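A short write-up of the structure that comes next.
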Amino acid sequence: MATVAATGALPAPYPRYESCPPINNNILLGDDSNYLPFMPFADDPTFDYHDYLADHKGLAWQEGGYRDSDVLAIVLETARRLQREHGMSMETIDKTGILPLTLCTTSVWGAIWTEKMSDRIPWPGSSRASAPALSDITPPAADDLKTRLQDYLTLWCPRLECLQGHCFTHATEQHNIDFAVPAVPGQERFRLQSAQTPCGNDCTLRHRPIHERDVAWSDADLEELRVICHIAPPTTPCELARLCHKPCFEVAVVAPRVSIKRKKGRPKDKHDEPQDPQYERHLYGTEVPPHFIPNKPCNHPGPCIHNGGCACAANAAHCSRSCGCSALCARRWKGCKCATMVVKQHKRGPRELMQPCSTDYCPCRKAKRECDPEVCAPCPEDSSCRNMQLQRGVPKRVEVKQSKHGMGLFLAEAVHECDLIIEYVGELIYEATFQTRNELSQHLGRNYVFGLNDQISVDSTRAGNPARFINHAPARRANVEVSILLVDGEQRIGVYAKRQMAPGTELLLDYGPEFPITGAES
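Read the sequence shown against this note's numbering and you will find it ends at 522, with the numbers running on by one and no gaps.
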């Protein structure tokens, strides 16, 4: 074997840093487990593991059934034999509650999924080689439209600004198809619109009227139309006929019969809201309160009032487009008219002057919330609105490389003042987990936590994006600043340019007085 002699000086090693999986959006974690899966810094005698262990209930591997491969193998072999010999489905076996592990994945990973993520250990007598693979999720029947749609609601985030599969940001927001609650806000009963133009020879406009007893539909056909009518806005029989593959003239007769009359919410009365002019100013005030904590989108029958079960009303919050109420809801943020005002003021001026919502004259910007394209007129998402940068998702190009402070974040393109450079993302953790993780951060001498509100922090230690590499500088030298904005009902952290900067500029942020920095002024 030939020996290669290295000549010259070796490259300097990179400074210490922590790597993490890259993410584009926040991940809702909540709290870490009360049981430690491993002891951090086990080979570091300077780490006080006794104090750290005292913050937990124990060690995970000391708990019964924790990742026991023998228990997992026995449970899955039992499931295979029950399915093969007795025809039991995985859901039926789970409902009995006899096995120590859940087979199917629900809010936690099931045993079937866990086995797929680990190496299989062969053992004598197993039927795994001859039996078909167990299904973690049983596909619904082809004619079961409601279950198929519910699966999509479970797998895909229904929030309009998200719409991602297996969303980890809104994982706790489970939406169910409930015939008792209108799927279309304010629609207590499906409204069949009149057809204006014949859709074909079977159109109700060209066919003689028939009685519903002359229509022979199966129960599955009726249930499918009932589901379509539940989720559809006011629709003509022509459109319904195309969806359910039935003659239009039959749909016109059957649809009014299968649509469900839902229970109305309690009507609003004079006792629901205080008759005080200060109330309107409080509800539509100029700024999000400093200790405001967003709630989940409301979804309930009736108006959004304190006594009507509205989560937004109970939290003194505005409804958003992710709520189950209509765009005309009285609690909806009123939006701004900045774009209209800018066009009137600068209709003869240069194009670059027409950037609406760029100052605190914009009520949305002043209230620390991004514009809502549904209520701000006219602020479409493709406009020059300067207060929709987070929801449009158009950050600047950046690169991580070595700086005099260790690893740092540098611009890879020019930016203007107030441009969104990047969003600070990570795991959304509660206060108890923040306190526990803070012991690890202090031992490392590096902290990647950013406070979002009084209850939740964004921690990019274990998952994050390049924003975690922004170094500190005192306010007079910092060239970026952060702003916590309310975007469609949830708080997000944007990093914005304080001035115009060229490519190659290192981004520096004033961490604030609560963040301990050694030699911060140097």
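Yeah, the Cβ is synthetic: ideal placement off N, Cα and C, and Gly gets one too. Computed from a prediction, not measured in an experiment: that's the story for all the values here.
Practice item. Could you check what DSSP says for G464 in three-state terms: helix, strand or coil? Key: Numbered from 1 along the sequence shown, position 464 holds the residue referred to as residue 464. Strand.
Practice item. Report yes or no: do three or more beta-carbon pairs, one from the stretch 414–422 and one from the stretch 437–450, lie closer than 8 angstroms? Key: Too few Cβ pairs lie closer than 8 angstroms, so no.
Practice item. Might you give, ordered along the chain, the residues of its own chain that have their beta carbon closer than 7 angstroms to the beta carbon of C298, omitting 5 neighbours on each side? Key: The count along the sequence shown starts at 1 and reaches residue 298 at position 298. Within the same chain, C298 has close Cβ partners C304, C310, A311, C312, C319, C323, G324, C325.
Exercise for review: Buried or exposed for N387, please, with buried defined as at least 16 other CB atoms from any protein chain shown within 10 angstroms of its CB.
Suggested key: The residue given as residue 387 occupies position 387 in the sequence shown. Residue environment: N387 is assigned as buried (16 or more neighbouring CB atoms within 10 Å of its CB, all protein chains considered).
Review point. Roughly how many angstroms lie between the CA atoms of H291 and T105, to the nearest whole one?
Key: The sequence position of residue 291 within the sequence shown is 291, counting from 1. The sequence position of residue 105 within the sequence shown is 105, counting from 1. Rounded to the nearest angstrom, the two C-alpha atoms are 36 angstroms apart.
Review point. Does the separation of the CB atoms of G58 and L29 fall below 9 angstroms?
Key: In the sequence shown, the residue the question calls residue 58 occupies position 58. In the sequence shown, the residue the question calls residue 29 occupies position 29. No. Outside cutoff.
Practice item. Please report the residue range of the beta strand (DSSP E) in which L428 lies. Key: Along the sequence shown, read from residue 1 onward, the residue named residue 428 stands at position 428. It spans 427–430 - the beta strand (DSSP E) in which L428 sits, taken as one unbroken run.
**Study point:** Which residues DSSP lists as bridging E490, in chain order
**Key:** Along the sequence shown, read from residue 1 onward, the residue named residue 490 stands at position 490. V487.
Practice item. Over the uninterrupted alpha helix (DSSP H) stretch that includes M90, give me the two end residues. Key: Numbered from its first residue, the sequence shown carries residue 90 at position 90. From DSSP, the alpha helix (DSSP H) with M90 extends over 90–96.
**Study point:** Option nearest T447 by Cα separation, candidates T436, Q455, A339
**Key:** Start at 1 with the first residue of the sequence shown, and residue 447 comes out as number 447. Before going on, a small fix: residue 447 reads as Asn here, not Thr. For the residues T436, Q455, A339, the minimum Cα distance to N447 belongs to T436.
Point to revise | Alpha-carbon spacing of G285 relative to E431, whole angstroms | key: Counting from 1 along the sequence shown, the entry for residue 285 is found at position 285. Counting from 1 along the sequence shown, the entry for residue 431 is found at position 431. Below a pLDDT of 50, predicted positions are generally treated as unreliable, and G285, at 49, falls in that range; no measurement from the model is reported.
Point to revise | C-alpha gap between E280 and K334, whole angstroms | key: The residue labelled residue 280 in the question sits at position 280 within the sequence shown. The residue labelled residue 334 in the question sits at position 334 within the sequence shown. For E280, the pLDDT reaches just 45, beneath the cut-off of 50, and the residue's location in the model is therefore unreliable, although a value from the coordinates is still provided. As the crow flies, the alpha-carbon of E280 is around 12 angstroms from that of K334.
Review point. Under the three-state reduction of DSSP, which class applies to V480: helix, strand or coil?
Key: The residue labelled residue 480 in the question sits at position 480 within the sequence shown. V480: strand per DSSP, three-state reduction.
Exercise for review: Can you grab the Cα-Cα spacing for the pair D70 / N34, in whole Å?
Suggested key: Within the sequence shown, numbered from 1, the residue matching residue 70 stands at position 70. Within the sequence shown, numbered from 1, the residue matching residue 34 stands at position 34. Approximately 24 angstroms between the Cα atoms of the pair.
Exercise for review: With DSSP as the reference, label S441 as helix, strand or coil.
Suggested key: Your numbering for residue 441 matches position 441 in the sequence shown. Residue state, collapsed to three classes: helix.
Review point. Quick one: what does DSSP say T359 is sitting in, helix, strand or coil?
Key: Taking the sequence shown and counting its residues from 1, one reaches residue 359 at position 359. T359 falls in the coil class under three-state DSSP.
Practice item. Go ahead and label P523 buried or exposed: buried means 16 or more other beta carbons lie within 10 angstroms of its beta carbon, across all protein chains shown. Key: The requested residue 523 does not occur in the structure, where the chain is confined to residues 1 to 522.
**Study point:** Whole-angstrom distance between Q491 and A317, CA atom to CA atom
**Key:** Within the sequence shown, numbered from 1, the residue matching residue 317 stands at position 317. Within the sequence shown, numbered from 1, the residue matching residue 491 stands at position 491. Those two C-alpha atoms are separated by around 13 angstroms.
Review point. Are the stretch 156–170 and the stretch 14–30 in contact at 8 angstroms, needing three or more beta carbon pairs?
Key: Short answer: they touch.
Check your understanding: According to DSSP, what are the bridge partners of F410?
Key -> In the sequence shown, the residue the question calls residue 410 occupies position 410. Beta-bridge analysis with DSSP links F410 to E399, E506.
Check your understanding: Taking Cβ positions, are E374 and R321 nearer each other than 9 angstroms?
Key -> Along the sequence shown, one-based indexing puts residue 374 at 374. Along the sequence shown, one-based indexing puts residue 321 at 321. The criterion of a C-beta distance shorter than 9 angstroms is satisfied by E374 and R321.
Check your understanding: So what does DSSP say about C319, is it helix, strand or coil?
Key -> Start at 1 with the first residue of the sequence shown, and residue 319 comes out as number 319. If DSSP states are grouped into helix, strand and coil, C319 belongs with the strands.
Check your understanding: Three-state secondary structure (DSSP) at G30?
Key -> Position 30 of the sequence shown, counted from the first residue, corresponds to residue 30. Strand at G30.
Review point. In three-state terms, what does DSSP make of W109?
Key: In the sequence shown, residue 109 corresponds to position 109, counting from 1. Three-state result, W109: coil.
Check your understanding: Three-state secondary structure (DSSP) at G451?
Key -> The residue labelled residue 451 in the question sits at position 451 within the sequence shown. Strand, per DSSP.
Exercise for review: Put L160 into one of helix, strand or coil per three-state DSSP.
Suggested key: Residue 160 sits at position 160 when you count from the first residue of the sequence shown. In this structure, DSSP gives L160 a state outside helix and strand, which the three-state scheme calls coil.
Exercise for review: Please say whether P294 and N453 have beta carbons closer to each other than 9 angstroms?
Suggested key: Position 453 of the sequence shown, counted from the first residue, corresponds to residue 453. Position 294 of the sequence shown, counted from the first residue, corresponds to residue 294. The Cβ atoms of N453 and P294 lie closer than 9 angstroms to each other.
Practice item. Check each candidate in R365, E63, A111 and name the one with the smallest Cα separation from A79. Key: Indexing the sequence shown from 1 puts residue 79 at position 79. The residue with the shortest Cα to Cα distance from A79 is A111.
Review point. With C-beta atoms as the reference, is N465 less than 9 angstroms away from L507?
Key: Mapped onto the sequence shown, residue 465 falls at position 465. Mapped onto the sequence shown, residue 507 falls at position 507. No.
Point to revise | As assigned by DSSP and simplified to three states, the class of P274 | key: On the sequence shown, residue 274 is found 274 positions in, with the first residue counted as 1. Low confidence applies here, because P274 scores a pLDDT of 40, under 50, leaving its location unreliable; read the following figure in that light. P274 carries a coil assignment under DSSP once its states are collapsed to helix, strand and coil.
Exercise for review: Go ahead and pull the three-state DSSP assignment for I293.
Suggested key: For this step, residue 293 is matched to residue 293 along the sequence shown. DSSP places I293 in coil when its eight states are reduced to three.
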